[in-house]
Structures are given as C-alpha cells and as structure tokens.
Amino acid sequence: MRGRQYSSDNTLPERDVHELSDIFAMRLHHKLGTRVYGLTRNDVAEVIRPYTEDLAQEDRRVLPWLVWNLLQEAMEMEYSIR
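Per this note's numbering, the sequence shown starts with residue 1, numbered consecutively.
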C-alpha cells in the first residue's frame, strides 16, 4: 500500500487507512452477514488484530473505529431500505 504515497512517519497515508478499513468491513460483512451489525468496536478490534499487528500503533487504534463506523452505516442503509 505504501507504493502510491508515503507518509512522514510509520503510519499509513490516510487514503490507505480508509481503503484498508473498507476492505475489512466488506470482508466481515461477507463472512458474517447481518450478524456483523451486533459487533462492538472491541469485537472488531479483536477480529482484525491478527491482520494489523505490523501496522503503526496509531493505525491499529483508528482502524477498528473506522471499520465499526462503516458497519453501522451499512446497517442503517440496509434497514432503511426494508
């Protein structure tokens, strides 16, 4: 991911963090279906931890929040359509 754009420290560029959070949210939704909406932010952090261990601390802190927020938005969209 760092090939397109570099950051001045060990953190990922913001664009890459958002791209990674989109991927995590889509994969979780694909695997768990609507059960994903019941996950807490801590649950999300635990699920993605093995895949983020090599990232900077700040990226590991922000990713669960971004993923959880995307899942909440997906839930709102899904239930407002029904």
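C-beta atoms are modelled at their ideal positions from N, C-alpha and C, and glycine is treated no differently.
Is it buried or exposed, residue i, if we count other Cβ atoms within 10 angstroms and call 16 or more buried?
i: proline 64; result: buried
i: methionine 1; result: Because the pLDDT at methionine 1 is just 44, under 50, the model does not fix this residue reliably, and the value given afterwards should be weighed accordingly. Exposed is the call here.
i: aspartate 9; result: exposed
i: aspartate 59; result: buried
Taking only the alpha-carbon atoms, compute the straight-line gap between residue i and residue j and give it to the nearest angstrom.
i: tryptophan 68; j: histidine 18; result: 12 Å
i: glutamate 73; j: leucine 66; result: 11 Å
i: tyrosine 79; j: aspartate 54; result: 36 Å
i: leucine 71; j: alanine 56; result: 23 Å
i: valine 44; j: proline 13; result: 21 Å
i: glycine 3; j: valine 62; result: Any reading at glycine 3 must be qualified, since the residue scores a pLDDT of 48, below 50, and its modelled position is unreliable; the value itself is stated next. Their Cα atoms are separated by approximately 21 Å.
i: lysine 31; j: leucine 39; result: 13 Å
i: tyrosine 37; j: proline 50; result: 21 Å
| request: Could you tell me which uninterrupted alpha helix (DSSP H) segments, each at least 4 residues in length, are contained entirely in the stretch 1-64, listed from first to last along the chain? | output: 14-32 and 41-52
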